[in-house]
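A quick write-up on the structure given underneath.
Residue numbers (the numbering used here), protein chains in the order written: chain A, 1 to 116; chain B, 1001 to 1118.
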């Protein structure tokens, strides 16, 4: 079956530093990857859509300069949280859409970010 | 605009009871997909089902069953003979174009936290 990995699974960083999260599709090509954020006891909210070879598209209210997304290949998208602050502490989940199957999405296991 | 409503925030049942989780959705799309996911405490989303808008057949998978009714825009999920391992947060989601129009992200409901006690 289709597998999506995320690395790291959890990370603790100090306020003001940057953190990079990787999302990989292991056995399929993903032209589109999505990044979601989930605060404790809340739902998943879409942050941005990442398309291979082009700039990411961000949802309203998501700061482009703070959450840098790069989709350099058909199997890898990265989310960099720049100048992280405690309010960025959250669970970040990516999903990858199988090329040619628009309604098939596979979720990664998530990355728990804690900013101290 | 798309919207998914899960009115039940928390449900608590005793093991072996049946429980139904409600999901009501709104969309203007004629073609769309509905999903249910389970999220245990570990956080990883577990895919349960996907249903397209043209298929209103109900589905049963073991103790799980789903009732899709386009007339009421509902896609309810029933667990029969619940077990302690069913305790988790369950999300209903709807696929469609994102606000930014770049395609097919999922819009999630707020989730229903199910607690099954022995």
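Yeah, the Cβ is synthetic: ideal placement off N, Cα and C, and Gly gets one too.
- The alpha helix (DSSP H) runs lying completely inside the segment 1011 to 1073 of chain B and spanning 4 residues or more number zero.
- Straight across, the Cα-Cα distance linking residue 24 of chain A with residue 1071 of chain B is about 39 Å.
- Relative to residue 49 of chain A, the option among A/41, A/42 and A/60 whose CA is nearest is A/60.
- A distance below 8 Å separates the beta carbons of residue 1107 of chain B and residue 1004 of chain B.
- For the options B/1112, B/1105 and B/1076, the alpha carbon positioned closest to that of residue 1057 of chain B is the one of B/1076.
- One Cα belongs to residue 40 of chain A, the other to residue 90 of chain A, and the distance between them is close to 7 Å.
- With respect to the 8 Å criterion, residue 1011 of chain B and residue 1112 of chain B are classified as neighbours on the basis of their beta carbons.
- Rounded to whole angstroms, residue 85 of chain A and residue 35 of chain A show a C-alpha spacing of 19 Å.
- In the structure shown, the three-state DSSP call for residue 59 of chain A is coil.
- At a cut-off of 8 Å, the C-beta of residue 107 of chain A has a neighbouring C-beta in chain B.
- Residue burial annotation: residue 67 of chain A is buried, with at least 16 other C-beta atoms found within 10 angstroms of its C-beta.
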